[in-house]
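Working notes for the structure below.
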Amino acid sequence: MAHGKWWAITSILFCASLTYSQIPTPIRSVSSLPVTCKGGSAVQSSDMVVLITGGAGVTYMCTAPNTWSPIVGGGGSISGSPAVNTQVAGNGSAFFAQTKPIYDTRDWMTCDGATDASNGMNSLLSAIGTTEASIRFIGSTTAGAPCRIGNTFFGSNITLDFSGGGAIQLISSTTPIGGGTYVSGTSVECGAGATCSLPAFSVSSGNTIVVAEAPYPGFTFKTTRITDTCGNFYIHIFQSLANQGRNQGAWIASNVTGGSCTITATANGSLATHMMLAAQISGMGPVTSLDVSASNNNTGVTMTSGSATTLTGAFLFAFGGQPFTFPETCTAGAGYTQPVGIAGQSNPNGSICAEYNNTSAGGSTSASQTISNNPSPGTWVYSLISLKPGNATATIWGGLVNPDQHQIFYNGDSQTGHGVVDFTGSGITQDVYPEWWGASPNAIAAVNTPAVQAAIYAAYGGGLTQRRTNSSLLSQYNRPLRIGGIYHINDELKMYSVLGFKMVGINRLASGLVQDTVNKRIIDCQSCAYGTFSDLTFSTQAVQDTSHALVDIDWNGIATLPELCCAELYRGCHADRHPRRHCQQRTRYRL
Numbered sequence: 007m008a009h010g011k012w013w014a015i016t017s018i019l020f021c022a023s024l025t026y027s028q029i030p031t032p033i034r035s036v037s038s039l040p041v042t043c044k045g046g047s048a049v050q051s052s053d054m055v056v057l058i059t060g061g062a063g064v065t066y067m068c069t070a071p072n073t074w075s076p077i078v079g080g081g082g083s084i085s086g087s088p089a090v091n092t093q094v095a096g097n098g099s100a101f102f103a104q105t106k107p108i109y110d111t112r113d114w115m116t117c118d119g120a121t122d123a124s125n126g127m128n129s130l131l132s133a134i135g136t137t138e139a140s141i142r143f144i145g146s147t148t149a150g151a152p153c154r155i156g157n158t159f160f161g162s163n164i165t166l167d168f169s170g171g172g173a174i175q176l177i178s179s180t181t182p183i184g185g186g187t188y189v190s191g192t193s194v195e196c197g198a199g200a201t202c203s204l205p206a207f208s209v210s211s212g213n214t215i216v217v218a219e220a221p222y223p224g225f226t227f228k229t230t231r232i233t234d235t236c237g238n239f240y241i242h243i244f245q246s247l248a249n250q251g252r253n254q255g256a257w258i259a260s261n262v263t264g265g266s267c268t269i270t271a272t273a274n275g276s277l278a279t280h281m282m283l284a285a286q287i288s289g290m291g292p293v294t295s296l297d298v299s300a301s302n303n304n305t306g307v308t309m310t311s312g313s314a315t316t317l318t319g320a321f322l323f324a325f326g327g328q329p330f331t332f333p334e335t336c337t338a339g340a341g342y343t344q345p346v347g348i349a350g351q352s353n354p355n356g357s358i359c360a361e362y363n364n365t366s367a368g369g370s371t372s373a374s375q376t377i378s379n380n381p382s383p384g385t386w387v388y389s390l391i392s393l394k395p396g397n398a399t400a401t402i403w404g405g406l407v408n409p410d411q412h413q414i415f416y417n418g419d420s421q422t423g424h425g426v427v428d429f430t431g432s433g434i435t436q437d438v439y440p441e442w443w444g445a446s447p448n449a450i451a452a453v454n455t456p457a458v459q460a461a462i463y464a465a466y467g468g469g470l471t472q473r474r475t476n477s478s479l480l481s482q483y484n485r486p487l488r489i490g491g492i493y494h495i496n497d498e499l500k501m502y503s504v505l506g507f508k509m510v511g512i513n514r515l516a517s518g519l520v521q522d523t524v525n526k527r528i529i530d531c532q533s534c535a536y537g538t539f540s541d542l543t544f545s546t547q548a549v550q551d552t553s554h555a556l557v558d559i560d561w562n563g564i565a566t567l568p569e570l571c572c573a574e575l576y577r578g579c580h581a582d583r584h585p586r587r588h589c590q591q592r593t594r595y596r597l
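Written out as structure tokens, the structure reads:
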């Protein structure tokens with residue numbers, strides 16, 4: 007009887023909710039009223055917006071197709087800034103309204119999976135700035151049509167709301183390699199402080215900007231963000247060893263908005279000095295990506311990068327220096343050109359210099375520059391980055407809202423030729439779900455495998471995402487990976503240089519991974535440490551021989567006795583507790 011009463015009550019509540027079918031969609035802030043709106047009816051929700059003019063807002067409701075009407079009296083109006091506002095109800099009482107503006111992608115760009123929405127997204131992010139805000143992703147043609155964008159940075163102040171069914175599709179460039187050409191550059195030597203700004207320089211729309219920088223002390227602080235006054239967005243593509251006293255980083259803004267741009271780097275603490283140098287490159291197309299890199303540090307008067315195997319036609323950019331002996335004079339190495347003036351060497355000390363090669367011959371490549379003073383006993387640091395037309399990166403520092411767990415990232419699985427979703431730098435510990443890339447317990451293994459792999463890269467780094475090695479100090483940004491069902495896969499999942507990880511299911515009987523391919527591991531875990539697998543089951547429906555463990559926790563993929571024993575979680579085997587007796591029947595750790 008009690009169950010019958012509960013069922014009746016829940017049914018009544020459900021029916022009651024249907025009565026209010028005209029509850030508006032979430033309020034969003036706009037600078038002008040949209041040209042179209044859905045219009046109210048008994049079966050279709052109405053749109054509602056807050057029109058912000060002169061720092062004050064008025065609420066409008068779509069009362070008929072393409073007709074906006076201000077809400078007065080019974081509906082109330084909003085006054086004050088969008089961040090702190092008060093709404094007046096029909097009875098005259100005041101209460102706080104939504105304080106975090108909600109922006110709808112349909113008001114700023116066309117999201118149809120085909121149109122490049124990068125400019126609209128950049129305009130929206132520039133309008134938001136550093137204020138708290140939510141971006142509601144909804145397709146322009148259908149609710150699920152993705153917004154197709156290039157390199158984009160979503161700051162920690164921005165929540166990405168996919169509850170309306172929308173998604174992000176990252177752009178892959180079709181620009182042929184070999185067309186990159188150096189245009190101009192500038193440099194600066196900054197003193198103490200957390201920020202450092204380059205002199206303004208003229209930038210042409212559509213070009214690529216590369217920023218090379220060397221913070222000091224680099225073993226204590228690091229650059230966390232680079233911005234410019236033209237509204238362009240920079241992604242971090244390279245980092246030399248983070249434990250060097252003067253480590254180096256490189257950032258890229260692709261397909262930029264032109265103008266007189268002042269670039270500013272912000273560190274996570276007050277630096278003693280900060281050296282920066284920027285270069286403008288044309289001919290790289292809508293997205294510029296890192297091909298390969300190399301970095302080196304030593305004493306002497308010849309700075310060398312070490313070698314890297316580059317693509318034929320890639321744009322080569324080398325940079326570095328030392329702050330110990332000055333003034334310094336740099337000279338270009340063979341096969342490279344050093345830009346004239348402060349575009350090629352900072353002033354007055356010459357602590358950072360650069361050179362370029364528009365078109366790499368391909369193969370094993372290195373760079374060098376000579377300096378006039380030996381910094382010994384100090385050292386110089388010198389790096390080479392090879393750039394190519396590539397694939398977009400979406401760097402996300404804020405939270406995500408995706409209640410139905412539909413796919414929200416397309417062409418963003420960090421596979422070769424695809425874009426990257428990168429949470430590196432975010433202080434949020436929100437779980438990562440394979441469903442965000444299209445995985446499902448009901449999907450086939452060919453769909454689940456790249457989706458689960460993408461989730462691993464996003465949660466722990468690796469692939470085309472920044473690898474969070476011990477020396478990088480980036481493992482602090484690892485997130486829990488949530489396995490919410492049984493997923494079939496057909497290839498090995500790679501977890502390389504993963505430090506401090508947590509992969510967790512909802513319960514052991516209903517969460518885990520199944521290998522469908524003969525003689526394939528489920529997880530190849532190399533250089534993994536300080537991690538947890540919990541509430542998961544690992545199984546196979548294909549034949550696996552004794553050399554293919556389901557979960558292989560190792561260093562280099564070669565089984566040795568101590569590794570086999572220390573990895574034996576179920577048996578509790580320890581290398582100092584008769585390892586041969588525990589491991590003699592095992593050639594690989596198997597769950």
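In terms of the numbering used here, the sequence shown is residues 7 to 597. A virtual CB, placed ideally from N, CA and C, is assigned to each residue, including glycine. Nothing here was measured: the structure is a model prediction, and the numbers come from that model.
Identify the continuous beta strand (DSSP E) that holds residue 493 and give its terminal residues. Indexing the sequence shown from 1 puts residue 493 at position 487. Its beta strand (DSSP E) spans residues 492 to 495.
Buried versus exposed call for residue 530 [16 or more other C-beta atoms within 10 Å across all chains shown]: Reading the sequence shown from its first residue, position 524 is the one you call residue 530. Answer is buried; the Cβ neighbour count reaches 16.
Reference residue 270; option with closest CA among 355, 218, 152: Against the sequence shown, residue 270 aligns to sequence position 264. Nearest C-alpha to residue 270: 218.
Beta-carbon proximity check, residue 517 vs residue 543, cutoff 8 Å: Position 511 of the sequence shown, counting from 1, holds the residue named residue 517. Position 537 of the sequence shown, counting from 1, holds the residue named residue 543. Closer than 8 Å, so yes.
Where residue 521 and residue 67 are concerned, what is the direct C-alpha to C-alpha distance, given to the nearest angstrom? Here residue 521 corresponds to residue number 515 of the sequence shown, with the count starting at 1. Here residue 67 corresponds to residue number 61 of the sequence shown, with the count starting at 1. For residue 521 and residue 67, the distance between alpha carbons rounds to 52 Å.
Beta carbon of residue 108 nearer than 8 Å to that of residue 35: Residue 108 sits at position 102 when you count from the first residue of the sequence shown. Residue 35 sits at position 29 when you count from the first residue of the sequence shown. Yes.
For residue 435, tell me which candidate among 405, 414, 413 has the shortest Cα-Cα distance. By 1-based counting over the sequence shown, the position of residue 435 is 429. Ranking 405, 414, 413 by Cα distance to residue 435 puts 405 first.
Coarse secondary structure for residue 455, derived from DSSP in three states: Taking the sequence shown and counting its residues from 1, the one referred to as residue 455 is at position 449. Note: residue 455 maps to helix in three-state DSSP.
Within 10 Å of its beta-carbon, does residue 395 have 16 or more other beta-carbons around it, so buried, or fewer, so exposed? As a position in the sequence shown, residue 395 is number 389, starting the count at 1. Flag for residue 395 reads buried.
Which of the three DSSP states is assigned to residue 464 in this structure? Here residue 464 is taken as the residue at index 458 of the sequence shown, counted from 1. Here residue 464 sits in helix by DSSP.
Could you compute how far the alpha carbon of residue 207 sits from the alpha carbon of residue 192? Working through the sequence shown from its first residue, we reach residue 207 at position 201. Working through the sequence shown from its first residue, we reach residue 192 at position 186. Near 7 Å, if we compare the C-alpha coordinates of residue 192 and residue 207.
Would you call the stretch 315 to 329 and the stretch 381 to 401 touching, i.e. three or more CB-CB distances under 8 Å? yes
Okay, do the stretch 447 to 466 and the stretch 487 to 500 touch, 3+ Cβ pairs below 8 Å being the bar? yes
Helix or strand or just coil, what does DSSP make of residue 440? The residue given as residue 440 occupies position 434 in the sequence shown. In this structure, residue 440 counts as helix in the three-state DSSP scheme.
Chain-order list of residues whose beta-carbon lies under 8 Å from that of residue 540 (same chain, five-residue window excluded): For the purposes of this step, residue 540 is identified with residue 534 of the sequence shown, where counting begins at 1. Excluding positions up to five away in sequence, the list reads 508, 509, 510, 511.
Apart from the five residues just before and just after residue 159, which ones in its own chain have a Cβ nearer than 6 Å to its Cβ? Within the sequence shown, residue 159 is the residue found at index 153, counting from 1. The residues are 239, 401.
Smallest Cα separation from residue 388: which of 337, 325, 416? Counting from one through the sequence shown, the residue named residue 388 turns up at place 382. The residue with the shortest Cα to Cα distance from residue 388 is 325.
Can you name, in chain order, every residue of its own chain whose Cβ lies under 8 Å from the Cβ of residue 116, other than the five neighbours on each side? The residue you call residue 116 lines up with position 110 of the sequence shown. If we look at residue 116 and ignore the five residues flanking it on each side, its Cβ neighbours are 123, 126, 146.
In three-state terms, what does DSSP make of residue 291? Against the sequence shown, residue 291 aligns to sequence position 285. Looking at residue 291 - three-state DSSP - the assignment turns out to be coil, as it is neither helix nor strand.
Three-state secondary structure (DSSP) of residue 434: Here residue 434 refers to the residue found at position 428 of the sequence shown. Note: residue 434 maps to coil in three-state DSSP.
State whether the stretch 405 to 418 contacts the stretch 436 to 446, with contact taken as three or more CB pairs (one from each stretch) at a distance under 8 Å. yes
Would you report the Cα separation of residue 113 and residue 181, rounded to the nearest angstrom? Residue mapping note: residue 113 aligns to position 107 of the sequence shown, counting from 1. Residue mapping note: residue 181 aligns to position 175 of the sequence shown, counting from 1. Computed Cα separation, rounded: 30 Å.
From this set, 454, 367, 296, which residue's C-alpha is nearest residue 489's C-alpha? Within the sequence shown, residue 489 is the residue found at index 483, counting from 1. When each option's Cα is compared against that of residue 489, the closest is 454.
Starting from the C-beta of residue 333, find all residues in its chain whose C-beta is less than 7 Å away, skip the five residues before and the five after it, and write them out in chain order. Indexing the sequence shown from 1 puts residue 333 at position 327. Hits under 7 Å: 354, 355, 356.
Please confirm whether residue 194 and residue 205 have their CB atoms less than 8 Å apart. Numbered from its first residue, the sequence shown carries residue 194 at position 188. Numbered from its first residue, the sequence shown carries residue 205 at position 199. A contact, by the Cβ cut-off of 8 Å.
Classification of residue 547 by the beta-carbon crowding that lies within 10 angstroms, buried from 16 upward: For this step, residue 547 is matched to residue 541 along the sequence shown. Label assigned to residue 547: exposed.
Proximal residues to residue 213 (C-beta, below 7 Å), its chain only, five neighbours per side dropped: Residue 213 sits at position 207 when you count from the first residue of the sequence shown. The answer, listed in chain order, is 189, 262, 286, 287, 288.
Using the C-alpha atoms, what's the distance from residue 220 back to residue 352? As a working note, residue 352 is residue 346 in the sequence shown. As a working note, residue 220 is residue 214 in the sequence shown. In a straight line, the C-alpha of residue 352 is about 12 Å away from that of residue 220.
Nearest by alpha-carbon distance to residue 139: which of 162, 241, 150 is it? The residue given as residue 139 occupies position 133 in the sequence shown. The candidate whose alpha carbon is nearest that of residue 139 is 162.
Taking the C-alpha atoms as reference points, what is the distance between residue 264 and residue 203? In the sequence shown, the residue the question calls residue 264 occupies position 258. In the sequence shown, the residue the question calls residue 203 occupies position 197. The straight-line gap from Cα to Cα measures roughly 18 Å.
Beta-carbon within less than 6 Å of residue 169's beta-carbon, same chain only, minus the 5 sequence neighbours each way: which residues are those? Translated into positions along the sequence shown, residue 169 becomes position 163. Cβ within range, chain order: 407, 409.
What number of angstroms, rounded off, separates the C-alpha of residue 200 from the C-alpha of residue 254? Locating residue 200 in the sequence shown gives position 194, counting from the first residue. Locating residue 254 in the sequence shown gives position 248, counting from the first residue. For residue 200 and residue 254, the distance between alpha carbons rounds to 16 Å.
Cα-Cα, which of 371, 341, 328, 433 is closest to residue 381? Taking the first residue of the sequence shown as 1, we reach residue 381 at position 375. Nearest C-alpha to residue 381: 328.
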